[in-house]
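Chains A and B, in that order, are what the protein sequence lines are. Residues are numbered in the numbering used here as their position in the first sequence, beginning at 1, plus a constant of 433. Residues are numbered in the numbering used here as their position in the second sequence, beginning at 1, plus a constant of 433.
Protein chains: 2
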Amino acid sequence: MEYYNLKICGLKRQLPIVPLGPKLKIASFNLLGDGELVEKVADDLVKKLKEIDFDYLVGPEVKVVPLIQVLAKKLNKPRYVILRKNIMGYMTKPVSNKSKPTLVLNGPDAEILKEKKVVIVDDVVSTGRTIRVVQEMMKIVGAEVVGAVAVFKQGEKEEEIEVPFFFLGVLPLFKS
Amino acid sequence: MEYYNLKICGLKRQLPIVPLGPKLKIASFNLLGDGELVEKVADDLVKKLKEIDFDYLVGPEVKVVPLIQVLAKKLNKPRYVILRKNIMGYMTKPVSNKSKPTLVLNGPDAEILKEKKVVIVDDVVSTGRTIRVVQEMMKIVGAEVVGAVAVFKQGEKEEEIEVPFFFLGVLPLFKS
Chain A
434 MEYYNLKICG LKRQLPIVPL GPKLKIASFN LLGDGELVEK VADDLVKKLK EIDFDYLVGP
494 EVKVVPLIQV LAKKLNKPRY VILRKNIMGY MTKPVSNKSK PTLVLNGPDA EILKEKKVVI
554 VDDVVSTGRT IRVVQEMMKI VGAEVVGAVA VFKQGEKEEE IEVPFFFLGV LPLFKS
Chain B
434 MEYYNLKICG LKRQLPIVPL GPKLKIASFN LLGDGELVEK VADDLVKKLK EIDFDYLVGP
494 EVKVVPLIQV LAKKLNKPRY VILRKNIMGY MTKPVSNKSK PTLVLNGPDA EILKEKKVVI
554 VDDVVSTGRT IRVVQEMMKI VGAEVVGAVA VFKQGEKEEE IEVPFFFLGV LPLFKS
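What follows is the structure, encoded as structure tokens:
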């Protein structure tokens, strides 16, 4: 196993380099379970988020969920909204999009976002597809996306994101 | 829509009552997105967890993830372990169980749990099946389960859990 030595927010992590296709490898970054890193990353993202006027943080399940919980607390926001990948048993009047990947909002979550300003949070943004699908969902429920933040951008390619986008660092792509 | 009026940790929430089968309804409790409630619940669970000598908190994705992040921080544990439902692209040498529901551990997570003491965290425990499957996974990776905590037990039936089990409250079942 090859590793990429990451330095971020004063911490060091060894990221496994994993194949993403026949000619592409990525340094695989995972916040889930790394509570110490979540806290440090949140401290840095909060500085940027305090500059934005918004109502709710929103993001896709699962890996970015701990970060959004911690960001919400540090920003004194009692509620945030997680977009699920499937309709779940606990949901009432779920709302979904038509394009892929499918995302689902619980009905009451869709309701509280109506006419509200939201910031999208993700862990790693590469093609920007997840951000665009979350944007599509926000349009469906009538929320205004005023910004997007991520821990990392993956690769140097300019992402196609239509809202102000902020990230802490860049993860390399390895092409062969 | 009928609701159940919940009081917990000084907060009030209206839980939708949803069908779980032809003759059973439950009050549906969801921590995901309710950052304020996660913090309050964590404060109460931390008091109990401080009495237990353990190394890692472990739990299944997704709804309990924010709670485990906050508990780990309050208990000064830099790492915790989330069991996924599927093998994910970021994983190296994933470890899985044979019974249902399937749970998956990333190889490095399985490695750090070896010969360690763990406490299982869940949001709502009804039949205790999830706890038992997590216990099975801990046996596979060589970890010792020294306890289990949940926010709620659902129903009055005695759960079949072989380790010390602590919960904050009981959620009702509605039979017709």
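Note that beta-carbon positions come from the ideal geometry of N, C-alpha and C, so glycine has one too.
Whole-angstrom distance between residue j and residue i, CA atom to CA atom
i, j, result
"valine 514 (chain B)", "tyrosine 436 (chain A)", "21 Å"
"valine 596 (chain A)", "glycine 561 (chain A)", "11 Å"
"phenylalanine 585 (chain A)", "isoleucine 501 (chain B)", "23 Å"
"isoleucine 564 (chain A)", "proline 605 (chain B)", "39 Å"
"glycine 588 (chain A)", "proline 452 (chain B)", "46 Å"
"phenylalanine 462 (chain A)", "valine 503 (chain A)", "18 Å"
"cysteine 442 (chain A)", "isoleucine 459 (chain B)", "44 Å"
"valine 474 (chain A)", "valine 582 (chain A)", "11 Å"
"lysine 572 (chain B)", "leucine 465 (chain A)", "22 Å"
"aspartate 542 (chain A)", "glutamine 568 (chain A)", "15 Å"
"proline 449 (chain B)", "threonine 525 (chain A)", "8 Å"
"leucine 577 (chain A)", "lysine 480 (chain A)", "It is glutamate, not leucine, that sits at residue 577 (chain A) in the sequence shown. Distance between the alpha carbons of glutamate 577 (chain A) and lysine 480 (chain A): 21 Å."
"leucine 490 (chain B)", "leucine 546 (chain B)", "10 Å"
"leucine 478 (chain A)", "leucine 601 (chain A)", "8 Å"
"valine 574 (chain B)", "isoleucine 594 (chain B)", "19 Å"
"lysine 456 (chain A)", "leucine 470 (chain B)", "46 Å"
"leucine 444 (chain B)", "glutamate 472 (chain B)", "11 Å"
"aspartate 623 (chain B)", "alanine 505 (chain B)", "The structure shown has nothing for residue 623 (chain B), since chain B only spans 434 to 609."
"glycine 540 (chain A)", "valine 558 (chain B)", "24 Å"
"leucine 536 (chain B)", "isoleucine 553 (chain B)", "14 Å"
"proline 499 (chain A)", "leucine 482 (chain B)", "20 Å"
"leucine 508 (chain B)", "aspartate 476 (chain B)", "10 Å"
"lysine 531 (chain A)", "methionine 570 (chain A)", "9 Å"
"arginine 446 (chain A)", "phenylalanine 598 (chain A)", "25 Å"
"aspartate 488 (chain A)", "leucine 538 (chain A)", "17 Å"
"glutamate 494 (chain B)", "lysine 550 (chain B)", "20 Å"
"glutamate 623 (chain B)", "arginine 512 (chain B)", "Shown here, chain B extends from 434 to 609; a query on residue 623 (chain B) therefore has no answer."
"valine 566 (chain A)", "asparagine 438 (chain B)", "35 Å"
"glutamate 548 (chain A)", "glycine 468 (chain B)", "21 Å"
Under 9 Å by beta carbon: chain A residues contacting residue i
i, result
"aspartate 467 (chain B)", "Pro511, Arg512, Tyr513"
"aspartate 476 (chain B)", "Result: empty, since nearest Cβ-Cβ is about 12 Å, beyond 9 Å."
"methionine 570 (chain B)", "By Cβ distance, chain A contributes nothing, its closest Cβ being about 14 Å from methionine 570 (chain B), past 9 Å."
Local Cβ density within 10 Å of residue i, reported as buried at 16 or more and exposed below that
i, result
"serine 609 (chain A)", "exposed"
"glycine 522 (chain A)", "exposed"
"valine 528 (chain A)", "buried"
"glycine 492 (chain B)", "buried"
"leucine 516 (chain A)", "buried"
"methionine 434 (chain A)", "exposed"
"glutamate 544 (chain A)", "exposed"
"lysine 432 (chain B)", "As shown, chain B starts at 434 and ends at 609. That puts residue 432 (chain B) outside it, with no answer to give."
"glycine 454 (chain A)", "exposed"
"lysine 496 (chain A)", "buried"
"glycine 580 (chain B)", "buried"
"valine 603 (chain B)", "exposed"
"lysine 518 (chain B)", "exposed"
"proline 534 (chain B)", "exposed"
"aspartate 486 (chain A)", "exposed"
Where residue i sits in the DSSP three-state scheme
i, result
"aspartate 632 (chain B)", "The displayed coordinates of chain B run from 434 to 609. Any statement about residue 632 (chain B) would go beyond what the structure contains."
"lysine 445 (chain A)", "strand"
"glycine 427 (chain A)", "Residue 427 (chain A) is absent from the model: chain A starts at 434 and stops at 609."
"phenylalanine 477 (chain A)", "The question names phenylalanine, but residue 477 (chain A) in the sequence shown is aspartate. Reduced to three states, the DSSP call for aspartate 477 (chain A) is helix."
"glutamate 595 (chain A)", "coil"
"valine 557 (chain B)", "strand"
"lysine 572 (chain A)", "helix"
"leucine 601 (chain B)", "strand"
"glutamate 469 (chain A)", "helix"
"valine 495 (chain B)", "coil"
"leucine 606 (chain A)", "strand"
"leucine 482 (chain B)", "helix"
Within chain B, partners of residue i - CB distance below 7 Å
i, result
"proline 449 (chain A)", "Thr525"
"leucine 506 (chain A)", "According to the sequence shown, residue 506 (chain A) is lysine rather than leucine. The contacting residues are Gly468, Glu472."
7 Å Cβ cut-off: residues of chain A touching residue i
i, result
"serine 461 (chain B)", "Tyr523"
"glutamine 502 (chain B)", "Gly468, Val471, Pro499, Gln502, Val503"
"aspartate 542 (chain B)", "Gly466"
Interface partners of residue i on chain A, CB under 8 Å
i, result
"proline 493 (chain B)", "None at all; the shortest Cβ gap to chain A is about 11 Å."
Residue i: CB within 7 Å of a non-hydrogen atom of the ligand ADP
i, result
"isoleucine 520 (chain A)", "Absence of the ligand ADP from the depicted structure is noted, as is the absence of any ligand whatsoever, leaving it without description."
Those runs of the alpha helix (DSSP H) which lie wholly inside the region 499 to 546 of chain A and span at least 4 residues: 540 to 546
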